[in-house]
Structure formats: structure tokens, C-alpha cells
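Step one of this worksheet: look at the structure below.
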Amino acid sequence: MLECGFCGGTLTRRKWHSSSQYKKDIWQCVTSTKKGKKHCPHSKGIPEEAIEKAFVESYRQLCNGNKDILEDFLKKLDETLNESSLEKKFTKLQKKISALDKKKNNLVDMRLDEKIDKETYEIKYTEISLKIDELLKEKSSLESSLDNEHSMKKRLAEFRKTLQNNQVLDEFDRYVFESIVEKVIVGGVEEDGIIDPHKLIFIYKTGLTDSQDGGKFKPKRKNAKKSNGIVTTKTDFCSQASDEDNKLCSHASNHAC
Ligand SMILES: [Zn+2]
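For this note's numbering, add 430 to where a residue sits in the sequence shown, where the first one is 1.
Put into C-alpha cells, the structure is as follows:
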């Protein structure tokens with residue numbers, strides 16, 4: 431879902447400072463992390479939080495006063511809500527199980543009426559019982575997937591109502607994001623030729639494309655004043671982050687005005 435704007439590779443999530451209070455999830459280009467920085471020199475890690483906040487902002491800007499766009503988004507949400515391949519599978523499985531149960535009962539009746547001998551009965555009975563056991567196992571795993579799907583749909587349905595009434599998304603929601611966003615391209619070159627590793631291009635399933643400055647949404651560093659660099663290899667990213675902090679502040683104060 432996340433694609434590198436420089437090499438076209440995918441992005442992978444890494445945990446930084448996973449044991450400290452500064453922990454965060456960072457998305458990085460696979461080419462750069464696995465093959466080496468020189469294979470994708472312009473890409474940089476971007477905090478997950480920045481992508482999430484940029485999405486909320488992108489959504490807000492697109493929907494703001496534009497009913498058509500909102501309607502298209504709601505349609506996409508509905509499509510996700512109506513997908514129910516799991517439920518069909520579940521019904522089919524239940525039918526199979528009850529058919530086998532019936533067969534088992536018939537077998538017992540036949541044995542009681544002495545229509546089949548004991549040996550045939552036992553072979554058949556074990557065969558059917560094994561099949562039923564197998565299907566029951568399948569059923570229980572399907573049940574838990576269905577539970578997940580139900581809770582996801584419930585949340586999406588709630589969101590549908592919220593979106594319809596207020597037309598805004600207060601905070602990031604993964605289900606809404608996955609329902610309406612096709613992919614996000616991270617990093618790119620601006621019109622003036624400046625390379626921006628934090629440029630975010632949201633490509634929506636409705637065909638819309640929206641560009642956001644991911645640098646604006648990066649979380650403020652909690653350890654900004656400390657210089658005891660917890661992980662030395664991250665200096666590159668950290669120095670960048672402190673530049674961005676100023677941007678974030680000025681942006682925030684503009685907003686307040
Ligand atoms: Zn790359």
C-alpha cells in the first residue's frame with residue numbers, strides 16, 4: 431500500500447527505540463534498507479504518525495465543501511461493507527455439516543434395521559465422523575474471521591454515519607483509510623526540482639490524487655533538547671526532524687490564527 435516515490439519499491443515498517451518512551455513506527459523503502467542506501471539514495475524514513483495525520487488532512491481538504499467527493503468516498507465504504515464472501519462460505523459449510531449428520535443418522539437406522547453388516551457400518555461411521563470433525567475445525571476458524579469482519583463492518587458503518595453528518599474525520603482510522611485509499615507514494619520531486627523525501631501522494635480508489643507535505647505532520651521529538659543520541663545511525667533523520675519542528679510550529683500557529 432505504501433510505495434517509494436524514487437525507486438517504486440515497497441515500504442516496510444520498522445520500530446525505532448522500541449524499548450524506550452521515544453518509540454515510534456517508521457516506514458522505510460525496502461530497497462534502501464535491504465540492498466543499501468546507494469540503491470535508493472533520496473528515500474528517508476517517515477513516521478507512521480505523519481502519514482496518518484497527512485491522510486486525515488488530505489481527506490479534510492478534499493471533502494471540505496465538496497459533496498460529490500464525499501459521496502464517492504461513501505460509495506467506496508459501502509462496497510467494502512457489502513463484500514461478504516466469508517458469510518457465503520460459512521453457510522455452505524454449515525449445509526455440508528448438516529448433510530453429513532443426516533447421513534450418519536441414516537447409517538445408524540440402517541444398522542438397527544440390520545440392512546448393513548457391522549463391519550461396513552463401522553467403516554462408514556468412522557469415515558463420516560472424520561469428515562465432520564474436519565469441517566467443524568474449518569467452521570470454528572471461519573467463525574473467528576467472521577467476528578473480525580463483523581467488528582470491522584460495524585466500525586465502518588458507524589463511520590459512515592459520522593462522515594455523512596459532519597463530513598470530517600477527527601482522527602485516523604485504518605478501516606476508512608484502507609477502504610478509500612489505493613496507495614500512498616512516499617517521496618518525490620517537486621515542480622521546482624527540489625527532492626522531497628517526505629512528499630506524500632495519496633491515490634484514492636475513486637481515482638482522485640492528492641499531494642501532502644509529510645514533513646509538516648511529523649511528530650515533535652520528545653528528546654529534542656538532549657544530545658546523548660540514543661541510536662547513532664539515526665542522526666541523519668534526527669537532524670532533519672529538528673528542522674521540521676520549526677515548520678510544524680509555524681504551521682500550527684497559522685492554523686490557530
Ligand atoms: Zn526506494
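Just so it is clear, CB atoms sit at the ideal spot from N, CA and C, and this is done for glycine as well.
Any residue whose CB is nearer than 5 Å to a heavy atom belonging to ligand 1, listed in chain order: Listed along the chain, these residues meet the criterion: C434, F436, C437, G439, C459, T461, C470, S473.
At least three beta-carbon pairs within less than 8 Å, the region 493-505 to the region 567-579: Because the criterion of three Cβ pairs below 8 Å is not met, the region 493-505 and the region 567-579 do not touch.
CA-to-CA distance, N494 to K522, given in whole angstroms: Our two residues, K522 and N494, have alpha carbons roughly 44 Å apart in a direct line.
With 16 other Cβ atoms within 10 Å as the buried cut-off, status of D622: By the Cβ neighbour-count rule, D622 is exposed, with fewer than 16 other Cβ atoms within 10 Å of its own.
Straight-line gap, L566 to R444 (C-alpha atoms, nearest Å): Spanning the two alpha carbons is a distance of roughly 38 Å.
Residues bridged to Q642 [DSSP beta-bridge criterion]: Looking at the DSSP output, Q642 shares a beta bridge with L630.
Distance, P471 Cα to K655 Cα: At K655 the pLDDT is 49, less than 50, meaning the model places this residue with poor confidence; the figure from the coordinates comes in the next sentence. K655 and P471 have their C-alpha atoms roughly 28 Å apart.
Inter-residue spacing [alpha-carbon to alpha-carbon] between V614 and T461: If you draw a straight line from the Cα of V614 to the Cα of T461, it is about 17 Å long.
Cutoff 6 Å; reference G637; Cβ partners in own chain excluding five residues on either side: Same-chain partners within the cutoff: there are none.
Within 8 Å, strictly: CB atoms of I633 and S641: The answer is no: Cβ separation not under 8 Å.
Stretch-stretch touch, CB-based, cutoff 8 Å, three pairs: the region 586-593 with the region 475-488: Contact fails: fewer than three Cβ-Cβ distances are below 8 Å.
Presumed contact (8 Å Cβ cut-off) between K474 and P649, rounded CB distance: Contact doesn't hold; Cβ gap of about 15 Å is too wide.
Minimum C-alpha distance to L441 - residue among K533, W457, Y555: Comparing Cα-Cα distances from L441 to each of K533, W457, Y555, the minimum goes to W457.
Contacting residues, own chain, Cβ-Cβ under 7 Å from D539 (five flanking each side not counted): The answer is none, since no qualifying residue turns up.
Cβ-Cβ separation, S581 to E510 (assumed contact under 8 Å), whole Å: A quick correction: the sequence has Thr, not Glu, at residue 510. About 13 Å separates the CB atoms of T510 and S581; that is not less than 8 Å, and the two are not in contact.
Runs of alpha helix (DSSP H) lying entirely within the region 543-570, each at least 4 residues, in chain order: Secondary structure within the region 543-570: not one fully enclosed alpha helix (DSSP H) run of 4 or more consecutive residues is present.
Neighbourhood of V611 by C-beta distance below 8 Å, restricted to the same chain and skipping five residues each side: Excluding residues up to 5 positions away in sequence, M431, F485, F632, I633, Y634, K635 lie with their Cβ nearer than 8 Å to the Cβ of V611 in the same chain.
Buried or exposed (CB count within 10 angstroms, at least 16 for buried), T662: Residue confidence for T662 is low, a pLDDT of 34 falling below 50, so the modelled location carries little weight; the figure read from the coordinates is stated next. Classified as exposed, T662 has fewer than 16 neighbouring CB atoms from the shown chains inside 10 Å of its CB.
Span of the alpha helix (DSSP H) around T510: Counting along the chain, the unbroken alpha helix (DSSP H) around T510 starts and ends at 497-512.
Test item: CB-CB of I476 and V616 under 8 Å: Yes, they are a contact pair.
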